[in-house]
Ligand code: MN
Ligand code: MN
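Numbering (the working numbering), first residue to last: 117 to 575.
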């Protein structure tokens with residue numbers, strides 16, 4: 117079965133649309149590096165497209181009808197959007213799902229310390245990372261500090277070119293003989309991922325004068341006291357913008373493309389569809405990288421509760437209708453897929469791997485060791501998706517995450533499948549997944565958005 121590089125199909129006008137989508141995508145990546153920043157931007161984009169906050173609709177006493185557009189936010193970290201279709205919600209929705217959290221270094225609750233006249237912030241990494249990749253690159257701090265009185269201070273240091281940046285240091289190669297003998301997982305230890313934040317002492321003979329100076333600056337510039345880190349969520353992420361990659365500018369390199377590439381393209385498709393038979397839904401959640409746990413992760417009841425609220429507003433709600441709506445729904449659970457990398461060819465099985473620029477990816481199953489833990493999508497569902505994609509000129513490929521028994525990974529697919537709905541893992545191929553800078557193909561970004569639109573309208 118042969119599939120071609122998508123760039124070979126495009127004429128000038130399609131190339132223009134592709135560049136337009138990718139410019140918007142790169143701008144989104146550059147400005148939204150945390151789940152909170154993503155949600156803020158998603159709300160702004162949704163409101164611009166005519167979406168209303170579910171809570172405001174509930175309190176206004178209005179009812180929802182075909183064509184109405186609403187969104188609901190969970191704790192500023194997850195969001196669900198609905199566009200009411202011609203049929204009742206009980207007949208099922210077409211759902212796009214993706215996650216907006218990405219691997220990073222989270223600042224601890226008691227983080228500030230000084231050693232060797234250097235001040236640091238201690239971190240606990242979030243999600244699966246190769247720790248050695250996170251040293252010696254410029255990092256930015258993004259997050260939220262909440263004071264005891266409830267006031268909120270938003271932090272974003274290191275993205276403006278006039279801002280300072282931060283880093284985790286590494287041992288010089290000249291003294292690294294013992295370090296280089298260690299296994300990759302231990303070359304840099306998690307507890308050693310400390311972020312360098314200062315070297316200048318305060319004047320006078322205070323003890324730990326460098327730490328004191330850093331704390332003084334935090335107070336003066338941001339009104340943050342050391343104790344305030346207790347009620348803060350600050351994430352250290354690679355500093356800098358998403359960029360075009362390659363002499364041919366065919367690719368995008370950026371932090372956080374897992375899974376914002378699927379989140380952005382799903383959202384864009386959702387906001388742009390004109391009408392649909394079934395209610396369209398786009399679900400963008402947090403905490404996927406640590407097992408979809410917590411109130412803002414996919415395992416929480418947020419989605420189910422929100423669907424119940426929406427059905428109450430369409431006049432359909434009963435417990436049984438809610439169950440039927442979920443069972444009758446179809447979902448594209450989108451997440452990144454591993455792209456074939458010739459440098460690590462033995463990790464893949466070449467007939468069943470995603471290639472960069474070969475279009476949207478469908479993973480019938482992911483999982484590891486005998487498909488364990490995977491959501492194995494039904495052949496009947498895949499057949500219908502093939503029809504939809506072909507009829508709408510969407511280029512796609514099928515893939516597994518890697519060679520049999522090598523590893524595998526989880527997504528949010530299995531959680532929605534618990535309702536008895538049709539779910540399949542789909543998404544976009546990525547090189548260097550989970551590295552500080554990940555690579556995608558512009559063609560795949562473009563095809564994914566096309567695929568999502570085709571699904572929402574025709575599934
Ligand atoms: Mn992911
Ligand atoms: Mn991931």
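The beta-carbon is built from N, C-alpha and C at its ideal position, and this holds for glycine as well.
Just so we're clear, the structure is a prediction, and the values are computed from it rather than from any experiment.
- In this structure, residue 474 has its CB at a distance of at least 7 Å from all heavy atoms of ligand 2.
- At a cut-off of 7 Å, the beta-carbon of residue 560 does not count as near ligand 1: no heavy atom of the ligand is closer than that.
- Within the segment 248-310, the complete alpha helix (DSSP H) segments of 4 residues or longer fall at 293-297 and 300-303, listed in chain order.
- Closest option to residue 192, judged by alpha-carbon separation, among 401, 482 and 230: 401.
- If the five residues before and after residue 516 are omitted, its C-beta is found closer than 6 Å to the C-beta atoms of 468, all from its own chain and listed in chain order.
- Annotation for residue 416: no beta strand (DSSP E) segment contains it, and DSSP assigns it neither H nor E.
- Secondary structure at residue 567: helix, using DSSP grouped into helix, strand and coil.
- With a cutoff of 8 Å on beta-carbon distance, residue 304 and residue 315 are scored as not near each other.
- Residue 439 sits away from residue 208, with the two beta carbons spaced by 8 Å or more.
- Residue 455 places its beta carbon less than 8 Å from that of residue 546.
- For a cut-off of 8 Å, the C-beta gap from residue 258 to residue 149 is around 5 Å, short enough to register as a contact.
- With a cut-off of 7 Å, the C-beta of residue 405 is classified as near ligand 2, since at least one heavy atom of the ligand falls inside that distance.
- Beta-bridge annotation (DSSP): residue 137 is not paired with any residue.
- Note that the C-beta distance between residue 385 and residue 572 is below 8 Å.
- Around residue 229, the same chain offers 236 as residues with beta carbons nearer than 6 Å, after the five sequence neighbours per side are excluded.
- A distance criterion of 7 Å places the beta-carbon of residue 375 in contact range of ligand 1, judged by its closest non-hydrogen atom.
- Residue 231 is classed as exposed because its beta carbon has fewer than 16 other beta carbons within 10 Å across all chains shown.
- Contact check for residue 559 against residue 491 fails: the beta carbons are separated by 8 Å or more.
- Taking 7 Å as the cut-off, one finds no heavy atom of ligand 2 near enough to the beta carbon of residue 306.
- Looking at the backbone, the Cα of residue 527 and that of residue 189 are separated by about 21 Å.
- Every unbroken stretch of the alpha helix (DSSP H) spanning 4 or more residues and falling wholly within the segment 318-372 is given here in chain order: 325-338.
- Distance from residue 392 to residue 508 at the Cβ level is roughly 13 Å; contact not present, criterion being Cβ atoms closer than 8 Å.
- The closest heavy atom of ligand 1 lies less than 7 Å from the beta carbon of residue 215.
- Boundaries of the beta strand (DSSP E) harbouring residue 185: 185-190, taken from the DSSP string.
- Residue pairing for residue 447: DSSP places it in a beta bridge opposite 211 and 539.
- Residue 117 carries a coil assignment under DSSP once its states are collapsed to helix, strand and coil.
- Residue 118 is classed as exposed because its beta carbon has fewer than 16 other beta carbons within 10 Å across all chains shown.
- In this structure, the straight-line span from the alpha carbon of residue 195 to that of residue 419 is close to 9 Å.
- Going by beta carbons, residue 123 and residue 397 fall outside the 8 Å limit.
- Contact check for residue 404 against residue 375 passes: the beta carbons are separated by less than 8 Å.
- In terms of side-chain proximity, the C-beta atom of residue 544 is found no nearer than 7 Å to any non-hydrogen atom of ligand 1.
- By alpha-carbon distance to residue 477, the top candidate from 536, 436, 346 and 562 is 562.
- In the DSSP annotation of this structure, the continuous segment of the alpha helix (DSSP H) that includes residue 159 starts and ends at 151-164.
- In terms of Cβ geometry, residue 449 and residue 521 do not form a close pair [threshold 8 Å].
- Across the structure, residue 550 and residue 250 are spaced so that their CA atoms are roughly 11 Å apart.
- Residue 390 has its alpha-carbon roughly 50 Å from the corresponding atom of residue 307.
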